[in-house]
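Trainee:
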Amino acid sequence: MVVVANDDSAVREAAFEAVREISEVQGDLTFADLSAGFQFQGVRVPLTNPRRGIFKPQQMQYLLSIRTVFPKPGARVWYDDQRSVHGQIYQGEEQVEYAFMGTDANAADNRWLREAMESRTPIIYFLGVAPGLYKAIIPTYVVGWDASALKASIAFGAAEKSAVPEYPATRGERRYALRQVKQRLHQASFRDVDRFPIESIGVADIPNYGSEKLDEEAIRTADLIRPILLAEISPGRFNLIDGHHRVARARREEVATLPAHRVACPFHVPFLTSTHAYERYVEYWNGKVASGACR
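This is the structure in structure tokens:
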């Protein structure tokens with residue numbers, strides 16, 4: 001049975017409520033969470049299409065959600081926003097870009113983006129934050145549609161839990177909402193570090209920055225079972241950002257390996273003020289590596 005509302009506002013409100021409830025419980029959503037959908041009048045309504053990033057359920061008149069998949073290491077990247085959206089969010093002031101489906105601007109999926117823009121319909125943006133994990137950003141709006149560039153522009157609304165979200169009509173409103181999104185992503189990035197697998201890292205492979213300024217008591221009591229944290233500063237090169245005392249103790253006691261979380265660039269960028277700052281940071285550490293200062 002297909003439930004069709006006189007307008008899709010009731011279904012949309014139910015979708016927003018369902019996604020917010022599960023997000024409050026577990027933070028990031030899994031692909032299984034998205035696939036489960038939500039219940040409306042006793043009928044399951046999907047939240048996404050597993051094969052497509054732009055989705056409108058048959059029960060609704062307008063677009064419900066868009067999705068950006070976080071690529072697995074070494075996997076094919078299908079759309080530009082998979083590479084750029086995190087950087088755009090942290091650099092941006094008002095809005096970010098979202099790639100069309102395919103190369104036909106008039107395909108149904110891409111028309112749904114245009115219709116959502118014209119109707120100012122609030123939607124859900126499922127932003128990939130790790131392989132198989134998504135942050136739900138509600139409300140999101142399509143604020144631009146470019147057939148020649150095959151891209152839409154999206155902006156975020158204020159995250160208040162309103163049944164009828166307010167369209168961010170001014171630059172100030174969009175900037176405020178984007179700052180909220182940045183803050184949410186920033187807070188979640190390392191708070192949920194356990195999402196990253198624990199690896200065994202050779203202590204000899206960790207650059208030695210020296211331990212002369214470390215606290216001696218902290219070195220002696222450092223917990224070598226607790227994973228250290230390494231952040232990617234250039235492709236394939238990781239810098240120790242948490243665990244200096246543990247590494248110092250391991251060196252002194254000739255411990256060969258330590259447990260570690262390795263954090264990829266998109267999760268490390270939020271802890272710097274801008275992409276420019278991040279690039280300067282990478283430049284600094286690469287310079288140390290090249291000069292032999294890090295051994």
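Residue numbers (the numbering used here): 1 to 295. For every residue, glycine included, the Cβ atom is placed at its ideal position computed from N, Cα and C.
Could you tell me which of E160, R114, P259 and V45 sits nearest to D146, measuring between CA atoms?
Mentor: For the purposes of this step, residue 146 is taken as the residue at position 146 of the sequence shown. Out of E160, R114, P259 and V45, R114 has the C-alpha closest to the C-alpha of D146.
Trainee: If you count every other CB in all the chains shown that lies within 10 Å of the CB of S65, and 16 or more means buried, which is it?
Mentor: Start at 1 with the first residue of the sequence shown, and residue 65 comes out as number 65. Label assigned to S65: buried.
Trainee: Please confirm whether K135 and D28 have their CB atoms less than 8 Å apart.
Mentor: To locate residue 135, count along the sequence shown from 1; it is residue 135. To locate residue 28, count along the sequence shown from 1; it is residue 28. Against a cut-off of 8 Å, the Cβ pair of D28 and K135 comes out as a contact.
Trainee: Does DSSP put Y125 in a helix, in a strand, or in coil?
Mentor: Your numbering for residue 125 matches position 125 in the sequence shown. In the structure shown, Y125 sits in a strand (DSSP, three-state: E or B).
Trainee: How many Å lie between E216 and I89 at the Cα?
Mentor: Indexing the sequence shown from 1 puts residue 216 at position 216. Indexing the sequence shown from 1 puts residue 89 at position 89. Roughly 41 Å separates the two Cα atoms.
Trainee: Buried or exposed: which applies to R249, given that a residue is buried once 16 or more other Cβ atoms fall within 10 Å of its Cβ?
Mentor: Sequence index remark: in the sequence shown, residue 249 carries index 249 (1-based). Buried is the call here.
Trainee: What is the rounded straight-line gap between the Cα of S35 and the Cα of F100?
Mentor: Within the sequence shown, residue 35 is the residue found at index 35, counting from 1. Within the sequence shown, residue 100 is the residue found at index 100, counting from 1. Taking the straight line from one Cα to the other gives about 22 Å.
Trainee: Is it buried or exposed, A155, if we count other Cβ atoms within 10 angstroms and call 16 or more buried?
Mentor: Here the question's residue 155 lines up with position 155 in the sequence shown. That one is buried.
Trainee: Is there contact between the stretch 222-234 and the stretch 158-177, where contact requires at least three CB pairs shorter than 8 Å?
Mentor: Result no; under three Cβ-Cβ pairs closer than 8 Å.
Trainee: What residues match up with L229 in a beta bridge as DSSP calls it?
Mentor: For the purposes of this step, residue 229 is identified with residue 229 of the sequence shown, where counting begins at 1. According to DSSP, which records beta bridges pairwise, L229 is partnered with D242 and H261.
Trainee: Per DSSP, what are the beta-bridge partners of V142 in this structure?
Mentor: Counting from 1 along the sequence shown, the entry for residue 142 is found at position 142. DSSP output for V142 lists I154 as bridge partner(s).
Trainee: Whole angstroms is fine: what's the gap from L63's alpha carbon to E254's?
Mentor: Within the sequence shown, numbered from 1, the residue matching residue 63 stands at position 63. Within the sequence shown, numbered from 1, the residue matching residue 254 stands at position 254. Looking at the two C-alpha atoms, the distance is approximately 59 Å.
Trainee: Exposed or buried, V11, counting other C-beta atoms within 10 Å across all chains shown (16 or more means buried)?
Mentor: Mapped onto the sequence shown, residue 11 falls at position 11. Result: buried.
Trainee: DSSP on V355, reduced to helix/strand/coil?
Mentor: Any answer about residue 355 is impossible in this case: the structure gives the chain only from 1 up to 295.
Trainee: Tell me where the beta strand (DSSP E) around F16 begins and ends.
Mentor: Here residue 16 is taken as the residue at index 16 of the sequence shown, counted from 1. Careful: F16 lies outside any beta strand (DSSP E), inside the alpha helix (DSSP H) at S9 to Q26.
Trainee: Report buried or exposed for T68, applying the criterion of at least 16 other Cβ atoms within 10 angstroms of its Cβ.
Mentor: As a first step, residue 68 is located in the sequence shown; it is residue number 68 there, counting from the start. Result: buried.
Trainee: Between the C-alpha atoms of Y176 and T221, what's the straight-line distance to the nearest angstrom?
Mentor: By one-based count along the sequence shown, residue 176 stands at place 176. By one-based count along the sequence shown, residue 221 stands at place 221. About 44 Å.
Trainee: Kindly identify the DSSP beta-bridge partner or partners of G202.
Mentor: Reading the sequence shown from its first residue, position 202 is the one you call residue 202. Looking at the DSSP assignment, G202 forms a beta bridge with T257.
Trainee: Going by C-alpha distance, which of Y141, I206, L127 and V25 is nearest H245?
Mentor: Position 245 of the sequence shown, counted from the first residue, corresponds to residue 245. The option with the nearest alpha carbon to H245 is I206.
Trainee: Check this for me: beta carbons of I219 and L258, under 8 Å apart or not?
Mentor: Stepping through the sequence shown from its first residue, residue 219 is reached at position 219. Stepping through the sequence shown from its first residue, residue 258 is reached at position 258. Result no, Cβ atoms of I219 and L258 do not sit closer than 8 Å.
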